[in-house]
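The structure under discussion appears below in the form of structure tokens.
Numbering (my numbering), first residue to last: 24 to 164.
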């Protein structure tokens, strides 16, 4: 069962400026996990607490014509938290991050092969690179 898609739910929720009213508390809890990026023990402790608060209920389903497969039923929080926990367990806590572009703080999952992602999108990476270039040019004049 690939839980990465559930981890993407967590990213989308954290990055949603106006989450549905029933998901605002969950959004804040998931945001705290991404805020702990770089502090592995803290991040894992937060995820473990959320795994207790949002227990998963796996169920077999064949809803999409692909045959029987597992889905995490119930609360969106259970699926999102389980997805993040799966990413941390399988790929490492350093795969969760916050964008380093100065005007952005969006969350992201680093799925790069060499764990090198620092920005949430190519747009933010480009902004940061242009700003660094301009700063170097100003410093050299």
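C-beta: ideal position from N, C-alpha, C; glycine also.
Within 8 Å, strictly: CB atoms of residue i and residue j
i	j	result
residue 129	residue 38	yes
residue 101	residue 78	yes
residue 67	residue 107	no
residue 125	residue 46	no
residue 97	residue 76	no
Residue from the options with nearest C-alpha to residue i
i	options	result
residue 73	53, 87 and 89	53
residue 139	153, 123, 127 and 150	123
residue 35	114, 146, 159 and 50	50
residue 105	71, 118 and 127	71
residue 28	150, 153, 149 and 132	132
residue 148	159, 160, 162 and 127	127
residue 62	116, 145, 33 and 150	116
residue 25	41, 142, 152 and 114	114
Distance between beta carbons of residue j and residue i, contact taken as under 8 Å
i	j	result
residue 136	residue 30	So it is not a contact: roughly 17 Å between Cβ atoms.
residue 69	residue 59	6 Å
Per-residue burial, residue i [other beta carbons within 10 Å of its own, 16 or more giving buried]
i	result
residue 155	exposed
residue 93	exposed
residue 118	buried
residue 103	buried
residue 95	buried
residue 91	exposed
residue 33	buried
DSSP bridge partner residues for residue i (one or two, in chain order)
i	result
residue 92	84
residue 121	130
Any chain D beta carbon closer than 8 Å to residue i
i	result
residue 87	In the structure shown, chain D cannot be found, because there is only a single protein chain.
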